[in-house]
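Before any comments, here is the structure.
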Amino acid sequence: MAGGWSRDGAVQDQIDDTVSDAVAAARARLPRGESAEFCDICGEDIPEKRRMAVPGVRTCVPCQSGRDSAVRHSAINRRGSKDSQLR
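Residue numbers (the UniProt record's numbering): 1 to 87.
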């Protein structure tokens, strides 16, 4: 499927690398250790079920949702076209 000077399967390799990078980044953001009883941001109680489900959790669900929506994605552009590399 790849064209130009790239070898066959290069497009799939790019897709696989992008997925692998996203998985590694998500795993790096996972909390570790003992869970907090109170949210580090707002101070509200963190429910016991959340603390058991997510070991090392430091925030309540509303605060974590706000933090997750502010996460930016990788700026690495793995598209093969010349035009996309010029942006």
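Positions of the beta carbon are idealized from the N, C-alpha and C atoms, including for glycine.
Of the listed residues the options, nearest to residue i (C-alpha basis)
{"i": "Cys60", "options": "Ala70, Val11, Ala22 and Ile41", "result": "Ile41"}
{"i": "Glu44", "options": "Pro55, Gln64, Asp8 and Asp13", "result": "Gln64"}
{"i": "Pro31", "options": "Ala22, Ala25 and Pro55", "result": "Pro55"}
{"i": "Gly66", "options": "Cys39, Glu48, Gly9 and Ala24", "result": "Cys39"}
For residue i, the first and last residue of its enclosing alpha helix (DSSP H)
{"i": "Asp13", "result": "Ala10 to Arg29"}
Per DSSP, cross-strand counterpart(s) of residue i
{"i": "Asp45", "result": "Phe38"}
* **Contact between the region 7-23 and the region 31-41 (3+ Cβ pairs under 8 Å)** => no
* Asked: Which full runs of the alpha helix (DSSP H) of 4+ residues lie inside the region 50-75, going along the chain?
  -> 61-69
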